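Below you'll find the structure, written out as structure tokens, and then a few comments.
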Amino acid sequence: MVVFLEQILILLGCVHALILSLFLLKQRTQNPANIYLSLFTGIFSFVLFFIFLDISGIIFVYPHLIGVQEWLIPLLGPLLFLYVLKLTAQGPNTPIWYHFIPSMIIAALSVEFLMQDVTLKSQFISAESLLTPANERFEHLVDTIIPAFSLIQITCYLLLIFKVLKHHAINVKKQFSYLEKVNLAWLLWLSKFIAVLLLLWLIDELIALHIRLCFDTSLNMMCNMPWVNEDRYFYPSEIGIIICVYAITYYALKQPAIFYQQIQKFEKTIDDPSHTVQNTPRYANSALSEPLAQQLFNELDAQVKKQQIYTNPILTLDELANITGWSRHQLSQAINQVSGRHFFDYINMLRIESAKQLLLAQPQKTVLEIALETGFNSRSAFYTAFKKCTQQTPTQYKKAQPLAIK
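Be aware that the sequence shown starts at 1, since it is given in UniProt numbering, and climbs by one per residue.
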């Protein structure tokens, strides 16, 4: 019964991953980054399918399929990394095909085994047959080289992904006054989950190594453990893959296509010294002196407060540059240099100051009404920003003020 339920669960995960892969492939015109995520989930589907063939015993009926999927494992890290780069509009430093060299090498090393006839392949999964030299080499490749290499490789790519996402988070705060639908917090959590998945995979591989040592050598260390003497029906890493597929489905489809266009435009201009707003001075992107930065910030601060520009819930640095006539580079530098904040934090500070006044002046209004009126897109975003600025929730702030006055 347990084995049957596991088979059903893995098969459902396989079908779901395949459907998601095809859907993302269809959506690649709206978000070109989806091509990489489509391939990523497609490989997950392929891997789950072969796991299903193995635990169901179907692989014994079709032995010519043995080992077909092994070369795909080293593609997972590069594809997720390229997806993150494309989604954040950051180009790779090396040609894309460089990332796929390890997979091509493993595919080449697998050819000798894959070209064997069905009889010799059947011996590879038979407990009673002696392995041919080709089968022994492939067994070493599958049981040792690929897992060890893939664990190290994917770990390295995850570290690169964390670095890219950190850079992206900083850039978003330089350009946007809101984070809803433009941040990639979900992708950071997904990367962390994959890191946990790697740990589960490592545990599975260590258990498999322990079993081989107990049966193939004279080692008699902890060979009375349940996983050595009994059949294993549960592999945490396999269930982790299924959970990962459903997480990708929920979050990746939730990310709006317009996000890619906004970030694409921003990332291309953030480091482009030629990008200025129309009618700005010739040296609009040169470094500002301290007095000039202070003067610019004072003018900007006065204009933003007077016109209540901060109440625009989707305000960006480019829009503010168009309104004020200064270049985005100068605005960003003045805000950073004088206030010590990013654009996002500066605008949110003004929103919070306005909200604090409204909370006391118009107590009949709800917190959500005040949040929307001052430029926040949601109650949760307002609470987070308010707590960060005041160390209190809006409700706590309202209750504390009369006491402070007394």
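Beta carbons: idealized from backbone N, C-alpha and C, even for Gly.
This one's a predicted model, so the numbers in the text were calculated from it and none came from an experiment.
* **DSSP-derived helix/strand/coil call for F376** => Counting from 1 along the sequence shown, the entry for residue 376 is found at position 376. F376 falls in the coil class under three-state DSSP.
* Quick one: using the 10 Å Cβ neighbour count with 16 as the cut-off for buried, is Y246 buried or exposed? => The residue given as residue 246 occupies position 246 in the sequence shown. By the Cβ-count criterion, Y246 is exposed, with fewer than 16 other Cβ atoms from all chains shown falling within 10 Å of its own Cβ.
* Residue closest to T88, alpha-carbon to alpha-carbon, out of T374, V164, A355 and E299 -> Translated into the one-based positions of the sequence shown, residue 88 becomes position 88. Looking at the Cα atoms, V164 is the closest of the given residues.
* Asked: Is the Cβ-Cβ distance between F176 and T316 less than 9 Å?
  -> In the sequence shown, residue 176 corresponds to position 176, counting from 1. In the sequence shown, residue 316 corresponds to position 316, counting from 1. Judged by their CB atoms, F176 and T316 are nearer to each other than the 9 Å cut-off.
* According to DSSP, which residues form a beta bridge with T316? -> Counting from 1 along the sequence shown, the entry for residue 316 is found at position 316. In the DSSP secondary-structure assignment, T316 is bridged to F176.
* Assuming L75 and S103 form a contact by the criterion Cβ under 8 Å, report the distance between their Cβ atoms to the nearest whole angstrom. => Against the sequence shown, residue 75 aligns to sequence position 75. Against the sequence shown, residue 103 aligns to sequence position 103. That belief holds up - the Cβ atoms of L75 and S103 are roughly 5 Å apart, short of 8 Å.
* Asked: alpha helix (DSSP H) containing M349: first to last residue?
  -> To locate residue 349, count along the sequence shown from 1; it is residue 349. Where M349 is concerned, the enclosing alpha helix (DSSP H) stretches over F343 to A361.
* To do: Return the CA-CA distance between E373 and L5, expressed in angstroms with no decimal places.
  => Here residue 373 refers to the residue found at position 373 when the sequence shown is read from its first residue. Here residue 5 refers to the residue found at position 5 when the sequence shown is read from its first residue. Going by C-alpha positions, E373 is about 52 Å away from L5.
* Which runs of the alpha helix (DSSP H) fall wholly inside the stretch 54-131 and span at least 4 residues, in chain order? -> As far as the stretch 54-131 is concerned, its whole alpha helix (DSSP H) runs of at least 4 residues are 76-87, 101-114 and 118-124.
* Taking contact to mean at least 3 C-beta pairs separated by less than 8 Å, is the stretch 10-19 in contact with the stretch 39-57? -> The stretch 10-19, when compared against the stretch 39-57, does touch it at the 8 Å Cβ threshold.
* Please go through the same chain and pick out, in chain order, the residues whose beta-carbon is closer than 6 Å to the beta-carbon of D204, but skip the five residues on each side of it. => Residue mapping note: residue 204 aligns to position 204 of the sequence shown, counting from 1. Closer than 6 Å at the Cβ level, and outside the excluded window around D204, lie Y235 and S237.
* To do: Check whether the stretch 337-349 touches the stretch 291-303, counting contact only when three or more Cβ pairs, one atom from each stretch, lie closer than 8 Å.
  => Contact holds between the stretch 337-349 and the stretch 291-303, because three or more Cβ pairs, one in each stretch, are under 8 Å apart.
* **Where S327 sits in the DSSP three-state scheme** => Walking along the sequence shown from the start, residue 327 turns up at place 327. Three-state DSSP puts S327 in coil, outside helix and strand.
* If you draw a straight line from the C-alpha of T324 to the C-alpha of L300, how long is it? -> Indexing the sequence shown from 1 puts residue 324 at position 324. Indexing the sequence shown from 1 puts residue 300 at position 300. In a straight line, the C-alpha of T324 is about 7 Å away from that of L300.
* **Between the CA atoms of T366 and Q153 - distance to the nearest angstrom** => Residue numbering aside, residue 153 sits at position 153 when the sequence shown is read from its first letter. Residue numbering aside, residue 366 sits at position 366 when the sequence shown is read from its first letter. Annotation: Q153 to T366 spans about 51 Å, alpha carbon to alpha carbon.
* Hey, would you say G77 sits closer than 9 Å to S150, going by beta carbons? -> For this step, residue 77 is matched to residue 77 along the sequence shown. For this step, residue 150 is matched to residue 150 along the sequence shown. Yes. Within cutoff.
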